[in-house]
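Visitor:
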Amino acid sequence: MRGVWGVAEVRAAEAPLLAAGVPLMARAAAGLARRCAGMLPRVYGARVLLLVGSGDNGGDALFAGALLARRGAQVSALLLGSPLPTGAGGAGVVGVRVHEAGLAAFRAAGGRVVTSPGRPDLVVDGIVGIGASGPLRVELPELPDVPVVAVDLPSGVDADTGHVPGRALRADVTVTFGGLKPGLVVGEGARYVGQVEVVDIGLTLPPTDLNIADMADICAHWPRSRSYDDKYTRGVVGVAAGSRRYPGAGVLAVAGASAGPTGYIRYAGAGAHAVRDRHPHVVVTDRVSDAGRVQAWVVGPGLSLDSPAQADLRTAIAERVPMCLDADALTLVSTHPDWLAGREEPLVLTPHDGEYERLAGAPPGPDRVAAARGLAKAMDATVLLKGPRTVIAAPDGTAFVNPTGTRALATAGTGDVLAGLLGSLLAGGVEPTWAAVCAAYVHGLAGQHAARGGPVTASDVAGALREVVAEVLSYG
Ligand SMILES: NC(=O)C1=CN([C@@H]2O[C@H](COP(=O)(O)OP(=O)(O)OC[C@H]3O[C@@H](n4cnc5c(N)ncnc54)[C@H](OP(=O)(O)O)[C@@H]3O)[C@@H](O)[C@H]2O)[C@@H](O)CC1
Ligand SMILES: [K+]
1 MRGVWGVAEV
11 RAAEAPLLAA
21 GVPLMARAAA
31 GLARRCAGML
41 PRVYGARVLL
51 LVGSGDNGGD
61 ALFAGALLAR
71 RGAQVSALLL
81 GSPLPTGAGG
91 AGVVGVRVHE
101 AGLAAFRAAG
111 GRVVTSPGRP
121 DLVVDGIVGI
131 GASGPLRVEL
141 PELPDVPVVA
151 VDLPSGVDAD
161 TGHVPGRALR
171 ADVTVTFGGL
181 KPGLVVGEGA
191 RYVGQVEVVD
201 IGLTLPPTDL
211 NIADMADICA
221 HWPRSRSYDD
231 KYTRGVVGVA
241 AGSRRYPGAG
251 VLAVAGASAG
261 PTGYIRYAGA
271 GAHAVRDRHP
281 HVVVTDRVSD
291 AGRVQAWVVG
301 PGLSLDSPAQ
311 ADLRTAIAER
321 VPMCLDADAL
331 TLVSTHPDWL
341 AGREEPLVLT
351 PHDGEYERLA
361 GAPPGPDRVA
371 AARGLAKAMD
381 ATVLLKGPRT
391 VIAAPDGTAF
401 VNPTGTRALA
411 TAGTGDVLAG
421 LLGSLLAGGV
431 EPTWAAVCAA
441 YVHGLAGQHA
451 ARGGPVTASD
461 VAGALREVVA
471 EVLSYG
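Here UniProt numbering is used: position 424 in the sequence shown is 424, and no number is missing along the way.
1. Would V275 pass as a contact of G420 if the rule is Cβ separation under 8 Å?
2. Between which two residues does the beta strand (DSSP E) carrying D125 extend?
3. What runs of the alpha helix (DSSP H), each 4 residues or longer, lie entirely inside the segment 242-281?
4. Residues around ligand 2, please: the condition is that the C-beta lies closer than 7 Å to some non-hydrogen atom of it.
5. Measure from the alpha carbon of A28 to the alpha carbon of each residue in A64, A19 and D172, then state which is nearest.
6. What does DSSP give as the partner residues of N211 in its beta bridges?
7. Check whether the Cβ atoms of T457 and T411 sit closer than 8 Å, and answer yes or no.
8. Do V138 and ligand 1 come close, with the Cβ less than 7 Å from some heavy atom?
9. Could you pull out every residue in the same chain whose Cβ sits closer than 8 Å to the Cβ of G92, ignoring the five residues on either side in sequence?
10. Following a CB-centred definition, is residue 560 positioned closer than 7 Å to any heavy atom of ligand 1?
11. Could you tell me whether the Cβ atoms of V294 and A213 are closer together than 8 Å?
12. Can you say whether Y228 is buried or exposed, counting buried as having 16 or more other CB atoms within 10 angstroms of its CB?
13. Express the C-alpha separation of S474 and T414 in angstroms, rounding to a whole number.
14. Following a CB-centred definition, is A28 positioned closer than 7 Å to any heavy atom of ligand 1?
15. Between A132 and ligand 1, is there a pair consisting of the residue's CB and a ligand heavy atom that are separated by less than 7 Å?
16. What do you get for P247, buried or exposed, if any count of 16 or more other CB atoms within 10 angstroms of its CB means buried?
17. Skipping 5 residues on each side, what residues in its chain have a beta carbon closer than 7 Å to that of E188?
18. Quick test of the definition: if touching needs 3 or more C-beta pairs under 8 Å, does the segment 272-292 touch the segment 387-395?
19. If I measure Cβ to Cβ from R368 and keep anything under 8 Å in the same chain, skipping five residues before and after, which residues do I get?
20. How about L78 and L40: are their beta carbons less than 8 Å apart?
21. Compute every distance between the C-beta of D60 and the non-hydrogen atoms of ligand 1, then say whether any falls below 7 Å.
22. Taking 7 Å as the cut-off, is the beta-carbon of L84 closer than that to any non-hydrogen atom of ligand 1?
23. Confirm the yes/no value for this check: CB of G53, any heavy atom of ligand 1, distance under 7 Å.
24. Is the beta carbon of V175 closer than 8 Å to that of L32?
25. Are the Cβ atoms of A394 and A376 separated by less than 8 Å?
26. Go to E467, then tell me how far its alpha helix (DSSP H) extends in each direction, as first and last residue.
27. Grouping DSSP H, G and I as helix and E and B as strand, with all else coil, what is L67?
28. Can you grab the Cα-Cα spacing for the pair V75 / G95, in whole Å?
29. P322 and P346 look like a contact to me (Cβ under 8 Å); what is the Cβ gap, rounded to whole Å?
30. Using the Cβ count rule (16 or more neighbours within 10 Å means buried), how would you classify R245?
31. Check whether the segment 221-236 and the segment 259-269 are in contact - that is, three or more C-beta pairs closer than 8 Å.
32. For the alpha helix (DSSP H) that contains I317, what are its first and last residues?
33. Just how far apart, CA to CA, sit R170 and P141?
34. State the DSSP-derived secondary structure class of G92, mapped to helix, strand or coil.
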């Protein structure tokens, strides 16, 4: 598991070290220079352009530039900091605010201040880092199409949320210091970072409630069948999905459930024929009330909003078992929140942005982690907020960002597969937040596997789940 820390936490961890004179910037610059050097075929003679803002982010770039210059690189710096008042001191000759010690070291190493980008082999973005606020207030120069290394985070990305309120500089590599920040892993920001390298500068960061699970975590939480298990003890999952209009949603949700740990699937809904044809191992009925006992229900994919759908949802809620609500079930409970009143059993909600807005009364907005946490608290449920970087949040504020998502999953029906898989994990006894984290992780990897074969459908994603689950079961 990898932790993610907000700006305030990073600043608090830096403070005692700075007070003790620990050379944090020198460490950051050394890590940055090392990574830049690794991206150049040869450091000697390579042309490196630094984009340098007013603050310490620019300082990092300048000190790293000095190190590269001392290895024979031709390093130039475009100073993009805020203009100094006319006649102001400091770095007066350059007319803008700049990290003075960094500029002095840069010049002493042979670095040159320039006024246009020239023809660099590598660009280093040191315009702003965690000290930025609001949209990027810098006129970005026209840059040639060469690799960009972002210092700490791509300038223009909000470090705490991943929001990009204006322009931002897209990086091929982001070298970040001390630990991951939310802006690097979630929201729009995650699309700007390229590969992320964390450089250890000696910060001791506290335990965090925002994390990224890895394969070892998924493996640790995925239920294993035991020697004494039968089809019932592995868990029975109920799937109430699909309608006359959308029978395929039932088929896909059952496909997702079939890759999970349960030994028995009951399907209830208007897609019973289609489900039985495609999944003969499933016991089908038309209505939830006839389905029999389950250890968890998945309700919603393609369900419709009509009165049989409403009755099925209410019957499933009344069974008082763990539950995953998706799609139409979310729309129904957003207009009938009282239906969930008094429930204490685990509940997972899997909204996309539109469903989120119906449930919460407002769209998620730029801070998707806060949005997921807010809804989780308000509804006393685990919330899996879908997106290119799906966020999972528990009512106590514990949150995860799923690292495996892929654009390949942005196709109809993949959410049905996810809901089915999640329901099977709930029925297999996994607690709701880990069920959501595991399902999102495996589903994302299945999307990646499926995409290797070209354009992806939800059936391809479902088909790839087995291979990924086999990887989980054999991991470590
Ligand atoms: N602290 C440490 O020990 C360590 C810190 N480290 C490094 O320091 C970085 C943080 O440095 P920081 O705090 O100086 O802030 P930083 O990101 O450079 O930007 C602030 C400056 O930018 C400006 N500005 C603000 N918003 C803006 C906008 N929207 N658009 C344009 N400009 C904007 C604002 O100038 P102003 O406009 O107020 O004149 C202000 O001066 C951190 O990310 C890491 O790289 C590492 O060396 C490790 C040790
Ligand atoms: K930057």
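Positions of the beta carbon are idealized from the N, C-alpha and C atoms, including for glycine.
Note that the structure is predicted; figures quoted are calculated from it, not measured.
Guide: Short version:
1. Sequence index remark: in the sequence shown, residue 275 carries index 275 (1-based). Sequence index remark: in the sequence shown, residue 420 carries index 420 (1-based). Against a cut-off of 8 Å, the Cβ pair of G420 and V275 comes out as no contact.
2. The residue given as residue 125 occupies position 125 in the sequence shown. Start and end: L122 to G126.
3. Complete alpha helix (DSSP H) runs here, min 4: 247-258 and 272-278.
4. Listed along the chain, these residues meet the criterion: N57, D125, G126, I127, V128, G129, A150, V151, D152, L153, P154 and S155.
5. Numbered from 1 along the sequence shown, position 28 holds the residue referred to as residue 28. That would be A64, whose Cα lies nearest to the Cα of A28.
6. On the sequence shown, position 211 is the one that residue 211 refers to. Under DSSP, N211 takes part in a beta bridge, and its partners are G3 and F400.
7. Here the question's residue 457 lines up with position 457 in the sequence shown. Here the question's residue 411 lines up with position 411 in the sequence shown. Yes, they are a contact pair.
8. Start at 1 with the first residue of the sequence shown, and residue 138 comes out as number 138. Under cutoff, so the answer is yes.
9. By 1-based counting over the sequence shown, the position of residue 92 is 92. Any reading at G92 is ruled out, since the residue's pLDDT is 48, under 50, leaving its predicted position unreliable.
10. In the structure as shown, the chain begins at 1 and stops at 476. Residue 560 is therefore absent and cannot be evaluated.
11. Numbered from 1 along the sequence shown, position 294 holds the residue referred to as residue 294. Numbered from 1 along the sequence shown, position 213 holds the residue referred to as residue 213. Pairing V294 with A213 gives a Cβ-Cβ distance that is not under 8 Å.
12. Along the sequence shown, one-based indexing puts residue 228 at 228. When all chains shown are included, Y228 counts as exposed.
13. Working through the sequence shown from its first residue, we reach residue 414 at position 414. Working through the sequence shown from its first residue, we reach residue 474 at position 474. Distance between the alpha carbons of T414 and S474: 25 Å.
14. For this step, residue 28 is matched to residue 28 along the sequence shown. Answer for A28: yes, Cβ within range of ligand 1.
15. Looking up residue 132 in the sequence shown gives position 132. A132 Cβ: within cutoff of ligand 1.
16. In the sequence shown, counting from the first residue as 1, residue 247 sits at position 247. Buried, since its Cβ has 16 or more Cβ neighbours within 10 Å.
17. Here residue 188 corresponds to residue number 188 of the sequence shown, with the count starting at 1. Within its own chain, the residues whose Cβ lies closer than 7 Å to the Cβ of E188, once the five positions on either side in sequence are excluded, are G162, H163 and V164, listed in chain order.
18. With a cut-off of 8 Å, the segment 387-395 and the segment 272-292 do not count as touching, because too few Cβ pairs lie within range.
19. Numbered from 1 along the sequence shown, position 368 holds the residue referred to as residue 368. The beta carbon of R368 is closer than 8 Å to those of T161, G162, V186, G187, L385, G387, R389 and V391 in its chain, skipping five residues each way along the sequence.
20. Reading the sequence shown from its first residue, position 78 is the one you call residue 78. Reading the sequence shown from its first residue, position 40 is the one you call residue 40. Going by beta carbons, L78 and L40 fall outside the 8 Å limit.
21. Position 60 of the sequence shown holds residue 60. Closer than 7 Å to some heavy atom of ligand 1: that describes the Cβ of D60.
22. Counting from one through the sequence shown, the residue named residue 84 turns up at place 84. No, ligand 1 has no heavy atom inside 7 Å of this Cβ.
23. In the sequence shown, the residue the question calls residue 53 occupies position 53. Of the heavy atoms belonging to ligand 1, at least one sits nearer than 7 Å to the Cβ of G53.
24. To locate residue 32, count along the sequence shown from 1; it is residue 32. To locate residue 175, count along the sequence shown from 1; it is residue 175. Yes, Cβ-Cβ distance for L32 and V175 is below 8 Å.
25. Position 394 of the sequence shown, counted from the start, is the residue given in the question as residue 394. Position 376 of the sequence shown, counted from the start, is the residue given in the question as residue 376. Cβ atoms of A394 and A376: closer than 8 Å.
26. Against the sequence shown, residue 467 aligns to sequence position 467. Looking at the DSSP string, the run of the alpha helix (DSSP H) that includes E467 is A458 to S474.
27. Numbered from 1 along the sequence shown, position 67 holds the residue referred to as residue 67. Reduced to three states, the DSSP call for L67 is helix.
28. Counted from its first residue, the sequence shown places residue 75 at position 75. Counted from its first residue, the sequence shown places residue 95 at position 95. The alpha-carbon atoms of V75 and G95 are separated by roughly 20 Å.
29. One-based indexing of the sequence shown puts residue 322 at position 322. One-based indexing of the sequence shown puts residue 346 at position 346. That pair is a contact at about 4 Å.
30. By one-based count along the sequence shown, residue 245 stands at place 245. Under this definition R245 is an exposed residue.
31. Touching, per the Cβ criterion.
32. Here residue 317 refers to the residue found at position 317 when the sequence shown is read from its first residue. Start and end: S307 to A318.
33. One-based indexing of the sequence shown puts residue 170 at position 170. One-based indexing of the sequence shown puts residue 141 at position 141. Roughly 13 Å between the two C-alpha positions.
34. Residue numbering aside, residue 92 sits at position 92 when the sequence shown is read from its first letter. Bear in mind that the predicted position of G92 carries a pLDDT of just 48, short of 50, making it too unreliable to give a figure here.
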